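Numbering of the sequence shown is given in the working numbering, commencing with residue 37 and proceeding in unit increments.
Below you'll find the structure, written out as structure tokens, and then a few comments.
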Amino acid sequence: MSEKKDKFCRFCGALLKPHWGFCTSCGQKIIGKPKVEEIPEVQKPKKERIEKTDLEEIEKIKREKQKTERERIEQEKIVKERQEKEIKEREEREKIKQEELKERIRIENLKNEINNFLDLIQFKESKTKSNLEKDIEKLKEYRTISFKESFSLRFINTIDSKISNINRFIEKSEIQEKKKILMEIGTKFKRLRIDELSEQSGIKDKEFLIEMILSMIDKLELYAEYIPRRKLVLFNIMANINEKKKLSDAIKD
37 MSEKKDKFCR
47 FCGALLKPHW
57 GFCTSCGQKI
67 IGKPKVEEIP
77 EVQKPKKERI
87 EKTDLEEIEK
97 IKREKQKTER
107 ERIEQEKIVK
117 ERQEKEIKER
127 EEREKIKQEE
137 LKERIRIENL
147 KNEINNFLDL
157 IQFKESKTKS
167 NLEKDIEKLK
177 EYRTISFKES
187 FSLRFINTID
197 SKISNINRFI
207 EKSEIQEKKK
217 ILMEIGTKFK
227 RLRIDELSEQ
237 SGIKDKEFLI
247 EMILSMIDKL
257 ELYAEYIPRR
267 KLVLFNIMAN
277 INEKKKLSDA
287 IKD
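Right, here's the structure in full:
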């Protein structure tokens with residue numbers, strides 16, 4: 037007995053029965069002998085759809101892998117940038133720290149320099165007036181620096197004190213020098229008017245000259261008489277000579 041084969045519609049591929057005149061699936065009239073096919077053509081699109089779905093899934097997986105890789109690379113980039121930033125910040129902090137250290141050392145060295153100069157001032161008071169004036173200029177320079185560097189007020193006051201001391205010493209030295217000149221004049225001249233005495237002594241301030249003459253007379257440092265009305269000074273030459281000799285002997289002893 038021969039095996040029966042299934043019959044299918046040549047238009048839509050639907051299964052047909054032998055006695056049908058029309059396809060119940062597509063409605064087409066069955067003309068002639070129905071086409072016998074073991075694998076209907078209509079099943080091919082299904083296979084194609086399956087293959088297409090597989091490709092889409094593969095592409096999807098591929099895109100997800102690519103996305104994951106991009107995210108990984110991006111994350112690595114962010115981590116690297118953060119690490120580089122941290123390194124840079126540490127370097128900047130270290131640089132600032134070193135600069136601050138250098139600045140502290142500079143300030144400390146400057147203070148030591150000024151303090152050393154201040155300590156030496158007391159040993160310099162035997163110097164000439166010119167050198168003492170140079171010391172004052174140096175101290176004034178240090179005073180300006182101290183203000184600029186915001187040194188303590190106590191530190192600045194120490195400098196001011198040294199400046200005042202030197203100025204007093206210079207003034208005292210000048211007065212002593214002027215007194216010596218007046219004493220020398222008193223051993224040579226019997227009388228001099230204030231104008232003449234100013235010219236001889238080099239003391240231009242005549243009011244100051246008169247005050248000095250009167251002070252020396254009062255302290256017995258000069259033997260003389262001042263006549264205000266005539267602005268005349270009368271010197272006791274012999275007494276001044278003896279006083280000058282006493283002073284010289286005292287210095288020798």
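Glycine included, every Cβ here is placed at the ideal spot set by N, Cα and C.
The structure displayed is predicted, hence computed values, not measured ones.
Residue 51 has 44 as its beta-bridge partners, per DSSP. The Cβ atoms of residue 211 and residue 175 do not sit closer than 8 Å to each other.
Just so you know, the alpha carbons of residue 202 and residue 208 end up roughly 10 Å apart. Per DSSP, reduced to three states, the secondary structure at residue 262 is strand. Close CB contacts of residue 59 within its chain, under the 7 Å cut and outside five residues either way in sequence, are with 45, 47, 48, 50, 52 and 66 (chain order). Linking residue 275 to residue 235 through their CA atoms gives a straight-line distance of about 23 Å. For residue 269, the beta-bridge partners assigned by DSSP are 228 and 262. Cβ neighbours of residue 146 within its own chain (closer than 8 Å, five residues either side excluded): 181 and 185. Taking each of 191, 172, 231 and 222 in turn and checking the Cα distance to residue 204, the smallest one comes out for 172.
Non-local beta-carbon contacts of residue 231 in its own chain, meaning distances under 8 Å to residues more than five positions away in sequence, involve 242 and 267 in chain order. Of 156, 265, 128 and 179, the smallest CA-CA separation from residue 229 is found for 265. By a beta-carbon distance limit of 8 Å, residue 197 does not contact residue 221. Their separation comes to about 36 Å.
Selection 260, 91, 251 and 119 evaluated against residue 226 yields 260 as nearest (Cα-Cα).
At least 8 Å separates the beta-carbon of residue 192 from that of residue 168.
Boundaries of the alpha helix (DSSP H) harbouring residue 183: 165 to 184, taken from the DSSP string.
Contact annotation, residue 270 with residue 263: C-beta distance approximately 7 Å; criterion of less than 8 Å satisfied.
With 16 or more other Cβ atoms from the protein chains shown falling within 10 Å of its own Cβ, residue 157 counts as buried. Residue 187 sits buried, since 16 or more C-beta atoms from the chains shown fall within 10 Å of its C-beta.
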